[in-house]
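Down below is the structure, laid out as structure tokens.
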Amino acid sequence: MILVTGGAGFIGANFVLDWLARQDEPVVNLDKLTYAGNLETLASVKDDPRHIFVHGDIGDGALVDRLLAEHRPRAVVNFAAESHVDRSIHGPGDFIQTNVLGTFHLLESVRGYWAGLEGDAKSAFRFLHVSTDEVYGTLKPTDPAFTEENRYEPNSPYSASKAASDHLVRAWHHTYGLPVLTTNCSNNYGPFHFPEKLIPLMIVNALAGKPLPVYGDGMQVRDWLYVKDHCSAIRRVLEAGHLGETYNVGGWNEKPNIEIVRTICALLDELRPRDDGRPYADQITYVTDRPGHDRRYAIDARKLERELGWTPAETFDSGIRKTVEWYLANGEWVRNVQSGAYREWVSKQYEGKA
Ligand code: NAD
Ligand code: DAU
Numbered sequence: 038m039i040l041v042t043g044g045a046g047f048i049g050a051n052f053v054l055d056w057l058a059r060q061d062e063p064v065v066n067l068d069k070l071t072y073a074g075n076l077e078t079l080a081s082v083k084d085d086p087r088h089i090f091v092h093g094d095i096g097d098g099a100l101v102d103r104l105l106a107e108h109r110p111r112a113v114v115n116f117a118a119e120s121h122v123d124r125s126i127h128g129p130g131d132f133i134q135t136n137v138l139g140t141f142h143l144l145e146s147v148r149g150y151w152a153g154l155e156g157d158a159k160s161a162f163r164f165l166h167v168s169t170d171e172v173y174g175t176l177k178p179t180d181p182a183f184t185e186e187n188r189y190e191p192n193s194p195y196s197a198s199k200a201a202s203d204h205l206v207r208a209w210h211h212t213y214g215l216p217v218l219t220t221n222c223s224n225n226y227g228p229f230h231f232p233e234k235l236i237p238l239m240i241v242n243a244l245a246g247k248p249l250p251v252y253g254d255g256m257q258v259r260d261w262l263y264v265k266d267h268c269s270a271i272r273r274v275l276e277a278g279h280l281g282e283t284y285n286v287g288g289w290n291e292k293p294n295i296e297i298v299r300t301i302c303a304l305l306d307e308l309r310p311r312d313d314g315r316p317y318a319d320q321i322t323y324v325t326d327r328p329g330h331d332r333r334y335a336i337d338a339r340k341l342e343r344e345l346g347w348t349p350a351e352t353f354d355s356g357i358r359k360t361v362e363w364y365l366a367n368g369e370w371v372r373n374v375q376s377g378a379y380r381e382w383v384s385k386q387y388e389g390k391a
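Numbering (our numbering), first residue to last: 38 to 391.
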């Protein structure tokens with residue numbers, strides 16, 4: 038079996054659902070259930086004996102030691118993190134706690150477990166750390182896309198905490214020989230994405246008749262990958278990645294934010310027209326920029342393609358249409374995540390920003 042951390046969040050839950058749909062190997066899913074973790078996302082595997090959910094913190098060494106000893110996984114895939122840049126600006130403490138210290142404690146537990154393995158179990162064991170392209174900093178318009186050789190130049194508390202965790206993972210390999218793999222992925226989108234992030238926020242605000250808050254001039258560029266393609270890349274790296282290596286994951290889909298927002302508006306105009314016949318783009322509102330906002334990210338994913346034969350299955354056009362359709366069909370999931378805590382965040386982040 039494998040141990041997944043953060044498997045009630047956006048990417049982790051998509052990974053767990055896809056994993057169980059493809060094979061019989063069980064998953065132990067350790068998640069702290071912060072505001073971003075949601076068991077409703079995992080409702081379809083609630084009674085599946087191959088899915089063992091454990092509520093807890095990656096930083097709880099005693100708990101993780103016990104889980105490792107009891108379930109004896111052949112791999113650990115670490116998704117658990119605080120993931121939202123804007124939240125890291127308002128309050129970096131949780132990001133240091135989970136992304137840096139939590140990863141440290143998890144590495145120590147895994148190192149102890151791995152040291153006690155023998156023979157094939159020891160040589161086959163893997164620790165896969167899920168990281169981000171944001172650790173490389175920001176690009177100018179004509180710079181080439183990030184490769185695995187780019188320097189780490191994180192600019193936000195979030196990306197600095199992820200960079201720190203990547204360095205710990207690297208050091209645990211170099212110093213202790215822990216068999217690690219690291220993936221650095223670009224922006225994901227797709228089903229079960231918490232509506233604090235650009236794409237789901239724009240969809241749910243549009244449908245609710247609310248403003249669509251575009252930061253600054255809306256010309257910041259992100260490189261978008263459908264979440265299920267990220268999951269397939271992780272499965273491939275887990276299966277065939279070279280120990281100690283890092284792999285960039287991306288879909289060659291660079292787009293300015295305003296184009297993303299306009300695309301969502303156009304899809305909604307087609308699929309769920311406004312009652313008054315006006316276009317959703319009327320709701321676009323430019324608001325104060327994010328402090329320290331990185332201008333452009335772009336991922337060069339050729340190493341992963343060349344060495345492990347991975348390519349994404351979705352184009353941006355097919356992925357964004359599926360995503361908008363998913364949100365239209367899953368209003369109840371959206372309503373349930375828009376709890377009191379969600380409303381508190383939205384007023385903290387957006388009130389008085391226009
Ligand atoms: P998310 O915020 O949706 O989910 C994070 C999950 O981790 C939640 O279920 C949360 O409850 C859990 N968690 C938080 N702290 C924990 C702790 N201390 N112990 C156990 N569980 C804890 O995040 P996501 O978007 O699914 O991102 C998953 C991972 O992928 C993160 O490491 C993130 O840095 C990375 N990543 C995200 C993107 C993206 O576009 N979303 C892109 C590249 C990399
Ligand atoms: O690049 C990978 C990263 O992508 C991940 O590591 C992070 O976990 C993930 O949150 C994401 O970070 P971003 O900051 O790029 O994503 P976000 O959805 O918050 O914002 C995308 C872009 O849209 C960014 O340029 C800021 C802008 N934006 C965002 C929001 C929430 C707006 O213009 N308005 C908004 O309301």
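Even for Gly, the Cβ is constructed at its ideal location relative to N, Cα and C.
| L105 versus R148 - alpha carbon distance | Looking at the two C-alpha atoms, the distance is approximately 11 angstroms.
| message | Tell me the rounded alpha-carbon separation between P110 and F141. | response | Whole-angstrom Cα-Cα distance: 19 angstroms.
| Beta carbon of P216, beta carbon of L280: below 8 angstroms? | The Cβ atoms of P216 and L280 lie closer than 8 angstroms to each other.
| task | State the CB to CB distance for the pair V286 and N221, rounded to an integer number of angstroms; the pair is presumed to be in contact (CB under 8 angstroms). | result | Yes, they are in contact, since the Cβ atoms of V286 and N221 sit about 7 angstroms apart, within 8 angstroms.
| task | Report yes if the CB atom of T42 is closer than 8 angstroms to the CB atom of L143, and no otherwise. | result | Yes; because the gap between Cβ atoms is below 8 angstroms, this pair is in contact.
| Going by DSSP, what residues sit across from A395 in a beta bridge? | Residue numbering for the chain in the displayed model covers 38 to 391; residue 395 lies beyond these limits and cannot be assessed.
| message | If I measure Cβ to Cβ from A112 and keep anything under 8 angstroms in the same chain, skipping five residues before and after, which residues do I get? | response | Closer than 8 angstroms at Cβ, skipping near neighbours: I39, L40, F162, R163, F164, L165, L275.
| query | Quick one: Cα of E307 to Cα of D313, how far? | reply | Each residue's Cα considered, the two are about 14 angstroms apart.
| request: Please look up how many angstroms separate the CB atoms of V361 and I301, rounded, as I've assumed it's under 8 angstroms. | output: Contact holds; Cβ gap of about 6 angstroms.
| task | Less than 8 angstroms between the CB atoms is what I'm expecting for I336 and D170, so what's the real figure, rounded? | result | Between the beta-carbon of I336 and that of D170 there is about 5 angstroms, and that keeps the pair under the 8 angstroms contact cut.
| message | Out of T78, Q386, T71, L70, which one is the CA nearest neighbour of L235? | response | The closest CA to that of L235, considering only T78, Q386, T71, L70, is found on Q386.
| message | Tell me the rounded alpha-carbon separation between W370 and A378. | response | Their backbone Cα atoms lie some 15 angstroms apart in a straight line.
| Which residues DSSP lists as bridging E291, in chain order | Answer is D260.
| With burial defined as no fewer than 16 other Cβ atoms inside 10 Å of the residue's Cβ, what is the status of Q257: buried or exposed? | Per the 10 Å Cβ criterion, buried.
| If you check the beta carbons only, do S168 and D203 fall under 8 angstroms apart? | Cβ atoms of S168 and D203: closer than 8 angstroms.
| message | Cutting at 8 angstroms between CB atoms, please list the residues of its own chain near S81, excluding the five before and the five after it. | response | Take S81, set aside five residues on each side of it, and the residues of its chain with a beta-carbon closer than 8 angstroms to its own are L54, in chain order.
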